[in-house]
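Engineer: Chains as they are written, first to last, in this note's numbering: chain A, 1401 to 1632; chain B, 1401 to 1632.
Number of protein chains: 2
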Amino acid sequence: MDGQTSFPLGPSSLTEALYESVRKRIVNGEIAPGEKLTEIRIAGEYSVARPTAKACLERLTALGLLRRSTHKTAVVPKLDEDDIRDLYFSRETVERAAVATLARTATVPPEAVRAQAAMKAAAGDTAANGAFASQVEADIAFHSALVAAVGSRRLSRMHEVILGEVHLTMGQFQAHRTTHPMNVVHEHDDILKAIGDGDPEQAQRLLAHHLDQAQGRLLSQLHRERSEEAPA
Amino acid sequence: MDGQTSFPLGPSSLTEALYESVRKRIVNGEIAPGEKLTEIRIAGEYSVARPTAKACLERLTALGLLRRSTHKTAVVPKLDEDDIRDLYFSRETVERAAVATLARTATVPPEAVRAQAAMKAAAGDTAANGAFASQVEADIAFHSALVAAVGSRRLSRMHEVILGEVHLTMGQFQAHRTTHPMNVVHEHDDILKAIGDGDPEQAQRLLAHHLDQAQGRLLSQLHRERSEEAPA
DNA sequence: GCGACAAAATCGTCAGACAAGTATACTCGT
DNA sequence: ACGAGTATACTTGTCTGACGATTTTGTCGC
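1) Tell me the DSSP secondary structure of Arg1468 of chain A in three-state form.
2) Taking all protein chains shown into account, decide if Pro1408 of chain A is buried (16 or more other Cβ within 10 angstroms of its Cβ) or exposed.
3) Comparing the C-beta of Ile1431 of chain A with each C-beta of chain B, is any distance below 8 Å?
4) Do the stretch 1476-1486 of chain A and the stretch 1479-1493 of chain B touch if we need at least three Cβ pairs shorter than 8 Å?
5) DSSP state of Lys1436 of chain A, grouped into three classes?
6) Please decide whether Val1494 of chain B counts as near chain A, where near means a Cβ-Cβ distance under 8 Å.
7) Got a sec: which bits of the stretch 1559-1570 of chain A sit with their beta carbon under 7 Å from any beta carbon on chain B, in order along the chain?
8) Can a CB atom of chain A be found closer than 8 Å to the CB of Phe1407 of chain B?
9) I need the DSSP call for Ala1474 of chain B, collapsed to helix, strand or coil.
10) Would you mind giving the Cβ-Cβ distance between Pro1509 of chain B and Ala1549 of chain B, rounded to the nearest angstrom? I have them listed as a contact below 8 Å.
11) Below 8 Å, can you find three or more Cβ-Cβ pairs linking the stretch 1581-1596 of chain A to the stretch 1498-1514 of chain A?
12) Could you name the residues of chain A that Leu1487 of chain B contacts, counting a contact when the two beta carbons are closer than 8 Å?
13) Quick check: the Cα distance between Ala1632 of chain A and Glu1416 of chain B, rounded to an integer number of angstroms?
14) By DSSP, does Val1494 of chain B sit in helix, in strand, or in coil?
15) How would you label Gly1429 of chain B, buried or exposed, when you count the other beta carbons within 10 angstroms and need 16 or more for buried?
16) So, is the C-beta of Ala1348 of chain A closer than 8 Å to a C-beta in chain B?
17) For Pro1451 of chain A, which residues in the same chain have their Cβ closer than 6 Å to its Cβ, ignoring the five residues on either side in sequence?
18) Please check the pair Glu1587 of chain B and His1567 of chain B, which I expect to be a contact at CB under 8 Å, by giving their CB distance rounded to whole angstroms.
19) Grouping DSSP H, G and I as helix and E and B as strand, with all else coil, what is Ser1447 of chain B?
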């Protein structure tokens, strides 16, 4: 994109914009897993000072989107099977609480419904370029809306961090390409229905199943890739 | 204290030690809620450069131990009723998942048992100076051990953040002073027993009750303080 | 070919400086 | 005397530049 004209810096500041931009590049897979991100490189690419770049990398590291230890350069993490299981266990913990809470008052978040519409639209033109990315976006938006509707700042904060890593793995494995997006849409619809019916147990059950499916897709994709690059 | 002789910096680095020190001062209530923490003040108190102090404050802000908006001085947050409810809702979400998981395999974490012993010891000499602080420490350690035993890095990370804020409020309200610590000890024991019995439902029930009690103590303490400083 | 030493790259921390925004205090008009 | 607008001081955001420490890489000798 247009990299040199002054950025449309949304919020207040340089640091924020830099962070958002690098974050996007990571979760969208533009920066491959295992790739090294030095402070100098970031500073150079964006024409900012090294301390600014440093702060950016530190923030991303805190969110799990980068790994680095003292005096070593940051790298985009390549999540293994244990990571994915751990990630989905944490995710399930948070989202279970969310859907149960919503179901208790039969509150169907309008934002989630909107995300569903976007997902259906994206599912329509699977051939189109960038359709994959917008599917992932819509999927993330759906789950995000579910948690946001609970109204708990801290739950949302935790979920945001987790979804960041989820987004990262999805971008890396492109698991959505190997499955029919309409299945996901239908599972989402079922969850919304259970919430609307005021049935917390059912909502949790369906959610757990949905997440299990997603985790399974990621794991099988992981194994496939591993077996391909085995002859080293 | 001795500010000029090089610090006995425990871990790797200056930043880390600074962060730990300031964090402790905040959660222990040495820095009162509402108190302002300028970068310059921290830099001066610890004889470090301002960027170092800045990074420290940013980290603490990310953890919810400080609040600040752009171009405004960081302050130690004074949590209101909504905050406490939100905090305990999130806490319950995480710890429920933990005890349920442990109970499913009837795994009683040795660390938690050890924390219980420490708590009993601290409960013995309520009169002693600093006994209150060690009670809180032991309490935190117990719940921390529970979650750590699950073995989920991400769940532990989330819990760590939440416990930071819990620690903060406990230090501020000193709620433990108004209650018999042995009650807390017994509730902990009950939870451990349910885990050992392999009864996830019971463990979750007892945990929820335990957290409800704790939240209630904090809220009543909050109301008491508010009514005292009402005539403004 | 392998291990040890030297060189390069990178990070951690610091000092100093300027711009920009916020909050406070002061002045002026009514 | 009091309120409103402005001016000043304080604090933060960002940059430039630099030095020591540590990790990594590359080379040399055995």
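The beta carbon of each residue, even a glycine, is placed where N, CA and C say it ideally should be. Owing to the predicted nature of the structure, the values given are computational and were not obtained by experimental measurement.
Structural biologist: The answer reads as follows:
1) coil
2) Summary for Pro1408 of chain A: the model assigns pLDDT 36, below 50, so the residue's position carries little reliability; its value from the coordinates is reported in the next sentence. Exposed, since its Cβ has fewer than 16 Cβ neighbours within 10 Å.
3) no
4) no
5) strand
6) Contacts with chain A at 8 Å (Cβ-Cβ) include Val1494 of chain B.
7) Ile1562
8) Confidence at Phe1407 of chain B is low in this model, with a pLDDT of 31, below 50, so its placement is unreliable and no value can be given for it.
9) strand
10) 3 Å
11) yes
12) Arg1554
13) With a pLDDT of 42 at Ala1632 of chain A, under the threshold of 50, the predicted position of this residue should be treated as unreliable, though the coordinate-derived value follows. Taking the straight line joining both Cα atoms gives about 40 Å.
14) helix
15) buried
16) The requested residue 1348 of chain A does not occur in the structure, where chain A is confined to residues 1401 to 1632.
17) none
18) About 19 Å separates the two Cβ atoms, so there is no contact after all.
19) coil
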